[in-house]
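Everything below concerns the one structure shown next.
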Amino acid sequence: MAEAQGMSLNELRDRVKSRLTHTLHDQPGKKLNVLVVGMPGSGKSSYINSMIMAVTGTWHEIARYGRTASTHEMAQRLVGESRVTSCLESFVMFDDNCHEVGESHPMPDYNKNIVFWDCAGFPDATEEVYSTIVSLTLDGRIPSGTNVIECMDQTPDQLRSKFRRVDRQMTFDRIVFVLSADKMVPYNLVEAIRSGAEKGHDVPFIVLVTKVDKCPNPHDLQQRVLGAQAAFNLIGHQGRFKISSLYCEDVTPWPDPDDYRVMKPNAEIDRKLLNIWMNLTDPNIKAKPAPPAPESWCTTS
Ligand SMILES: Nc1nc2c(ncn2[C@@H]2O[C@H](COP(=O)(O)OP(=O)(O)OP(=O)(O)O)[C@@H](O)[C@H]2O)c(=O)[nH]1
Ligand SMILES: [Mg+2]
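Take 66 as the starting number for the sequence shown in the numbering used here and just add one per residue.
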């Protein structure tokens, strides 16, 4: 990442656009899959939208985020309005809506082969259930659109038998764990995801601490970050730690209520997220392929 230091924001953005355009260009049909996990309301959906905004400068809500869900109670109420993610849902990044009407695509030769998977946050799931769901997801056994919240009351064995069908084309290349700076580190969830991710996959991690603006005291923020680093115990380049606020009404609202735009570009957020793009698209960081499925399981080609 040292090479990205000292670059102007525009240079960094151009470098990222070039990386995105060339990602897997020698492997037609293959996708770069990124699984986004974290506690409810931590900012997973906002992160996906913000990663597009950092590259294009256009706010495009592909993952529905909790518009006003500043508290968990509000988030609970919004479940009925589908503002809270309850499914495992895949999003092709930089689709044809990612730019202003009348403008051309910011990366005309990009293959639309980067897919982010927004996974519902699980407030009450046991470590074993969450870790099984993460592991099954990484095996390519949970299809996009599955309501994973409804699966939470099942046992690991029930889950394994429910999701028998393996998509052998599917591998996850990265996991992004989103942690909110104003909340305690969810140790159970961290452990569940670590063990789910390690079961035969060894998927490189990025931990992103969000909502830094909600933690104005630098000492408190430092304590949170140290606690999270200890919980993840990230080593080598299998793990990266990032800290940034995301595009949201609290931090980056568009100043003119009569303007159709929702979020105002923010150079500090863009720089941090573009650096995350550099890491996500680094061809030297690789996940191990998922282990072969037992023969008794039905597989898709
Ligand atoms: N202040 C502040 N608010 C943020 C930030 N990032 C996201 N938010 C807000 O936090 C709320 C929850 O964000 P979401 O992106 O919906 O969170 P989520 O993790 O997808 O939530 P679930 O789908 O319910 O699990 C929304 O109101 C966001 O606008 C941030 O960095 N700072
Ligand atoms: Mg969400």
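All C-beta atoms in this analysis are idealised placements derived from N, C-alpha and C, irrespective of residue type, glycine included.
Problem set entry | Proximity to V81 [Cα-Cα], best of P348, N349, K351, N340 | N340
Exercise. How would you label D238, buried or exposed, when you count the other beta carbons within 10 angstroms and need 16 or more for buried?
Worked result: When all chains shown are included, D238 counts as buried.
For this session: Report all residues from its chain with a CB closer than 8 angstroms to the CB of I258; omit the five preceding and five following residues, and keep chain order.
Result: V102, Y195, S196, V199, I240, F242
For this session: For the beta strand (DSSP E) holding G103, just list the boundary residues, first then last.
Result: 97-103
Problem set entry | Same chain, Cβ closer than 8 angstroms to A332, neighbours up to 5 away in sequence not counted | L74
Exercise. Using a threshold of 7 angstroms, is the CB atom of T236 nearer than that to any non-hydrogen atom of ligand 1?
Worked result: Answer for T236: no, Cβ out of range of ligand 1.
For this session: Would you mind giving the Cβ-Cβ distance between V277 and A246, rounded to the nearest angstrom? I have them listed as a contact below 8 angstroms.
Result: Right, the Cβ-Cβ distance comes to about 5 angstroms (below 8 angstroms), so this counts as a contact.
For this session: Kindly indicate which three-state DSSP category M116 falls into: helix, strand or coil?
Result: helix
For this session: Round the Cβ separation of S115 and L338 to the nearest angstrom and send it over; I've been treating them as touching at under 8 angstroms.
Result: 6 angstroms
Exercise. Going straight from the alpha carbon of V272 to that of L244, what length do you get?
Worked result: 7 angstroms
Problem set entry | For T236 and D446, the rounded distance between their alpha carbons | Residue 446 is absent from the structure shown; the chain starts at 66 and stops at 366.
For this session: Look at V99 and F187 and say whether their C-beta atoms are less than 8 angstroms apart.
Result: no
For this session: Consider the C-beta atom of A296 and the heavy atoms of ligand 2; say whether any pair is separated by less than 7 angstroms.
Result: Relative to ligand 2, the beta carbon of A296 is positioned no closer than 7 angstroms to any heavy atom.
Problem set entry | Whole-number beta carbon distance between F156 and K177, since they are thought to touch under 8 angstroms | K177 to F156, Cβ: 11 angstroms. No contact.
Exercise. Is the CB-CB distance between G210 and E154 below 8 angstroms?
Worked result: yes
Problem set entry | Alpha-carbon spacing of G387 relative to S169, whole angstroms | One cannot answer for residue 387 here, as it falls past the ends of the chain, which runs 66 to 366.
Problem set entry | Reduced DSSP category for C280 - H, G, I as helix; E, B as strand; rest coil | coil
Problem set entry | Burial state of L77 (16 or more Cβ within 10 Å) | buried
Exercise. Could you give the residue range of the alpha helix (DSSP H) that holds R84?
Worked result: 74-87
For this session: Could you tell me whether any non-hydrogen atom of ligand 1 is closer than 7 angstroms to the CB of C280?
Result: no
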